[in-house]
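A.B. asks:
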DNA sequence: GTTGTGATGTTAAAATTATAACATTTAGTG
DNA sequence: CACTAAATGTTATAATTTTAACATCACAAC
């Protein structure tokens, strides 16, 4: 009778497919068996679903019990981006209407928006939308279109036009490359028009990039550095890279 | 000293960036404070990191789906909806362009789309988009706008117009109420125009509802039963409820 | 039918986690 | 330096989850 167990596992996997959690008692009800049976099922297949404090969650890495691993943490640049976003956050005021660019750079910023009383976030990125959607204090406007998985963002012919009609207070733009001569660039061409439209529509333009992006050139240029009102970056040396003889862009680096 | 709290949050986020979990006591040690302080930190920012049975987990996997607790109403009807969707799936053919309505009814259907070679999914629902976004074989078009948390969907003035321009093969529509006399209804008025536009643009219209919706009336009517080409439902008695003297709507109930 | 075996259910005790109340420390201010 | 308020720590208690042991049920083989 191991069919039954497998069937229940499949049911639960499906229920958890959206990435949520499921209470053990609900899982038992869902499968029409006792909680103990669910426990035994999960114990037999620890790599599929894990049980944390009475709630079922999808096991992220097959074959590995979810445990904190210190070596893995170095691999991610999350802390650098998190610091960067703490600086960028200073520019956000209650009531603002923010345009938020796609990419992972600005994600930590989204996690800090619950502190405000009321905000509006406009974006064309799915990950940004997901981060903001649960927040009751944030009005979310997602610009839709065809989905591009590589950048987790949408593109459509009419997007630039839609953005122009919006009242944007501050535009938070990220980039994959920043070069004083060549300009600011990203990987995907479909991001160019939305970025440009947002910059045109916004009252304040902020470029948020970590220092590793300086001197780097990527396929799609979308602006020159001087078009930004503020550059938020993370290292002391970076401002020097930004300076040229013609323009002075206010740059924020201090913690 | 709310800086400290933010700093700890960032540290913990970094530790969890790889998607693992962290025991509360390790988190406390990592930050050099007591467990109680970590608890308070997390309580203040419930959307960043959640505490499940004494372990910290990222509230949402980076770039993927938000935490979505379907414990209450959703779990109870999930099995019914899953069966329902197995029937609805018969109407999907490789290469189809599908319009997928918002709500939880059609979610199980989304989890079965990986079987096909190539599909296009058009939707205005965030949960549908999230379910489909990871699938490499599905082209996703999300119709954006202002986000409504209650239905996890977007609304905009131009959405109906956008839908009309799309080539939709089959429209999968869900509803909160189906009444032979009064018609088919949903909770939220902003869903009416997208549903109607999709039905107008589609070559085939499928109404997918579990039997509990029959005889129920909700605030926003959007169609009459006879406008659908197929009704997919889950109980034997349901077809009788659908029948009247003037129209015969093909109804699918068999497993 | 009986019987055996594996799966499932139930119960009580042990371990763990959550909460609340109060004590203590720390940082900022006059 | 003293004072205040906020942040943090400590403790006891309540609630929940986990484990283990045993009871019961379902189904197949005889």
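Chains as they are written, first to last, in UniProt numbering: chain A, 1 to 255; chain B, 1 to 255.
No residue lacks a Cβ here, since even glycine has one placed at the ideal position from N, Cα and C.
Computed from a prediction, not measured in an experiment: that's the story for all the values here.
(1) Keeping to the same chain, check which residues put their C-beta closer than 7 Å to that of residue 199 of chain A; ignore five residues upstream and five downstream.
(2) Nearest by alpha-carbon distance to residue 225 of chain B: which of B/181, B/216 and B/211 is it?
(3) Just checking my contact of residue 142 of chain B with residue 159 of chain B at CB under 8 Å: how many whole Å lie between their CB atoms?
(4) DSSP three-state call for residue 132 of chain A: helix, strand or coil?
(5) Can you look up residue 218 of chain B in the DSSP assignment and give me helix, strand or coil?
(6) How about residue 210 of chain A and residue 234 of chain A: are their beta carbons less than 8 Å apart?
(7) Give me the residue from B/23, B/32, B/15 and B/22 with the minimum Cα distance to residue 4 of chain B.
(8) List the residues of chain B that residue 33 of chain A touches, going by C-beta distances under 9 Å, in chain order.
(9) Assign residue 26 of chain A to buried or exposed, taking buried as 16 or more other Cβ atoms, counted over all protein chains shown, within 10 Å of its Cβ.
(10) Could you check how far apart the C-beta atoms of residue 113 of chain A and residue 88 of chain A are, in whole angstroms? I think they sit under 8 Å.
(11) Look up residue 91 of chain B in the DSSP assignment and give the residues it is bridged to.
(12) Rounded to a whole number of angstroms, what is the C-alpha to C-alpha distance between residue 43 of chain B and residue 163 of chain B?
(13) I need the boundaries of the alpha helix (DSSP H) containing residue 199 of chain B, first residue and last residue.
(14) Name, in chain order, the residues that DSSP records as bridge partners for residue 155 of chain B.
(15) Let's test the definition: count the other Cβ atoms within 10 Å of the Cβ of residue 189 of chain A and tell me whether it reaches 16, buried, or not, exposed.
(16) Mind checking residue 215 of chain B: buried by the 16 CB within 10 Å criterion, or exposed?
(17) Is residue 185 of chain B helix, strand or coil by DSSP?
(18) What is the DSSP secondary structure of residue 71 of chain B, reduced to helix, strand or coil?
(19) Which residues in the same chain as residue 193 of chain A place their Cβ atom closer than 7 Å to its Cβ, once the five residues preceding and following it in sequence are excluded?
(20) Can you tell me whether DSSP reads residue 139 of chain A as helix, strand or coil?
(21) On the criterion of 16 or more Cβ atoms from any shown chain inside 10 Å, does residue 167 of chain B qualify as buried, or is it exposed?
(22) Taking only three categories from DSSP, how would you classify residue 175 of chain B?
(23) What first and last residue would you give for the alpha helix (DSSP H) that runs through residue 37 of chain B?
(24) Can you look up residue 111 of chain A in the DSSP assignment and give me helix, strand or coil?
(25) Since I believe residue 102 of chain A is in contact with residue 191 of chain A (beta carbons under 8 Å), could you give me their beta-carbon distance rounded to a whole number of angstroms?
(26) Between residue 55 of chain A and residue 132 of chain A, what straight-line distance do the alpha-carbon atoms span, to the nearest angstrom?
(27) Which same chain residues, not among the five before or five after residue 137 of chain B, have their C-beta less than 8 Å away from its C-beta?
(28) According to DSSP, is residue 11 of chain A helix, strand or coil?
(29) Starting from residue 98 of chain A, trace the beta strand (DSSP E) both ways and give me its first and last residue.
(30) Mind pulling the chain B residues with CB within less than 9 Å of residue 139 of chain A?
(31) For the candidate residues A/134, A/50 and A/202, whose alpha-carbon lies nearest to that of residue 229 of chain A?
(32) Which of the three DSSP states, helix, strand or coil, is assigned to residue 56 of chain B?
(33) With burial defined as no fewer than 16 other Cβ atoms inside 10 Å of the residue's Cβ, what is the status of residue 175 of chain B: buried or exposed?
(34) Any beta carbon of chain B sitting closer than 8 Å to that of residue 54 of chain A?
(35) Say whether chain A places a C-beta atom closer than 8 Å to the C-beta of residue 45 of chain B.
C.D. replies: In this structure, then:
(1) As a working mapping, residue 199 of chain A is identified with position 199 in the first chain. These residues qualify, in order along the chain: 171, 173, 205, 223 and 227.
(2) On the second chain, position 225 is the one that residue 225 of chain B refers to. Ranking B/181, B/216 and B/211 by Cα distance to residue 225 of chain B puts B/181 first.
(3) Here residue 142 of chain B is taken as the residue at index 142 of the second chain, counted from 1. Here residue 159 of chain B is taken as the residue at index 159 of the second chain, counted from 1. At roughly 11 Å, the Cβ-Cβ gap does not stay under 8 Å, so residue 142 of chain B and residue 159 of chain B are not in contact.
(4) One-based indexing of the first chain puts residue 132 of chain A at position 132. Correct three-state label for residue 132 of chain A: helix.
(5) Here the question's residue 218 of chain B lines up with position 218 in the second chain. Reduced to three states, the DSSP call for residue 218 of chain B is coil.
(6) As a working mapping, residue 210 of chain A is identified with position 210 in the first chain. As a working mapping, residue 234 of chain A is identified with position 234 in the first chain. Yes; because the gap between Cβ atoms is below 8 Å, this pair is in contact.
(7) For the purposes of this step, residue 4 of chain B is taken as residue 4 along the second chain, with counting starting at 1. The option with the nearest alpha carbon to residue 4 of chain B is B/32.
(8) Mapped onto the first chain, residue 33 of chain A falls at position 33. Those do not exist, as residue 33 of chain A stays about 13 Å from chain B at its closest Cβ, beyond 9 Å.
(9) Taking the first chain and counting its residues from 1, the one referred to as residue 26 of chain A is at position 26. With 16 or more other Cβ atoms within 10 Å, it is buried.
(10) Here the question's residue 113 of chain A lines up with position 113 in the first chain. Here the question's residue 88 of chain A lines up with position 88 in the first chain. Their Cβ separation, rounded to whole angstroms, is 12 Å, which puts residue 113 of chain A and residue 88 of chain A out of contact at 8 Å.
(11) Counted from its first residue, the second chain places residue 91 of chain B at position 91. Answer is none; residue 91 of chain B lacks a bridge partner.
(12) Taking the first residue of the second chain as position 1, residue 43 of chain B is located at position 43. Taking the first residue of the second chain as position 1, residue 163 of chain B is located at position 163. C-alpha separation (whole angstroms): 42 Å.
(13) Counting from 1 along the second chain, the entry for residue 199 of chain B is found at position 199. That run of the alpha helix (DSSP H) goes 192-201.
(14) On the second chain, residue 155 of chain B is found 155 positions in, with the first residue counted as 1. B/146, per the DSSP bridge assignment.
(15) Counted from its first residue, the first chain places residue 189 of chain A at position 189. So residue 189 of chain A ends up on the exposed side.
(16) Numbered from 1 along the second chain, position 215 holds the residue referred to as residue 215 of chain B. Classification of residue 215 of chain B: exposed, given that the 10 Å Cβ count is below 16.
(17) Along the second chain, read from residue 1 onward, the residue named residue 185 of chain B stands at position 185. Reduced to three states, the DSSP call for residue 185 of chain B is strand.
(18) Residue 71 of chain B sits at position 71 when you count from the first residue of the second chain. Low confidence applies here, because residue 71 of chain B scores a pLDDT of 37, under 50, leaving its location unreliable; read the following figure in that light. Correct three-state label for residue 71 of chain B: coil.
(19) Looking up residue 193 of chain A in the first chain gives position 193. Contacts found: 159 and 160.
(20) In the first chain, the residue the question calls residue 139 of chain A occupies position 139. Strand.
(21) Here residue 167 of chain B refers to the residue found at position 167 when the second chain is read from its first residue. With fewer than 16 Cβ atoms within 10 Å of its Cβ, residue 167 of chain B is classed as exposed.
(22) Counting from 1 along the second chain, the entry for residue 175 of chain B is found at position 175. If DSSP states are grouped into helix, strand and coil, residue 175 of chain B belongs with coil.
(23) Along the second chain, one-based indexing puts residue 37 of chain B at 37. Per DSSP, residue 37 of chain B belongs to the alpha helix (DSSP H) from 35-44.
(24) Translated into the one-based positions of the first chain, residue 111 of chain A becomes position 111. Note: residue 111 of chain A maps to coil in three-state DSSP.
(25) The sequence position of residue 191 of chain A within the first chain is 191, counting from 1. The sequence position of residue 102 of chain A within the first chain is 102, counting from 1. Indeed, because the Cβ distance is near 7 Å, the residues count as touching under 8 Å.
(26) Position 55 of the first chain, counting from 1, holds the residue named residue 55 of chain A. Position 132 of the first chain, counting from 1, holds the residue named residue 132 of chain A. If you take the alpha carbons of residue 55 of chain A and residue 132 of chain A, they lie about 24 Å apart.
(27) Working through the second chain from its first residue, we reach residue 137 of chain B at position 137. Contacts found: 113, 114, 116, 117, 118 and 119.
(28) Stepping through the first chain from its first residue, residue 11 of chain A is reached at position 11. Of the three classes helix, strand and coil, the one that applies to residue 11 of chain A here is helix, per DSSP.
(29) In the first chain, residue 98 of chain A corresponds to position 98, counting from 1. That run of the beta strand (DSSP E) goes 97-100.
(30) Looking up residue 139 of chain A in the first chain gives position 139. Neighbours of residue 139 of chain A on chain B, chain order: 146 and 147.
(31) Residue 229 of chain A sits at position 229 when you count from the first residue of the first chain. Selected option, being the one with the closest Cα: A/202.
(32) Start at 1 with the first residue of the second chain, and residue 56 of chain B comes out as number 56. It is a strand residue.
(33) As a working mapping, residue 175 of chain B is identified with position 175 in the second chain. Buried, since its Cβ has 16 or more Cβ neighbours within 10 Å.
(34) For the purposes of this step, residue 54 of chain A is taken as residue 54 along the first chain, with counting starting at 1. For residue 54 of chain A, the answer is yes, since a Cβ of chain B falls inside 8 Å of its Cβ.
(35) Taking the second chain and counting its residues from 1, one reaches residue 45 of chain B at position 45. Yes - at least one Cβ of chain A is within 8 Å of the one on residue 45 of chain B.
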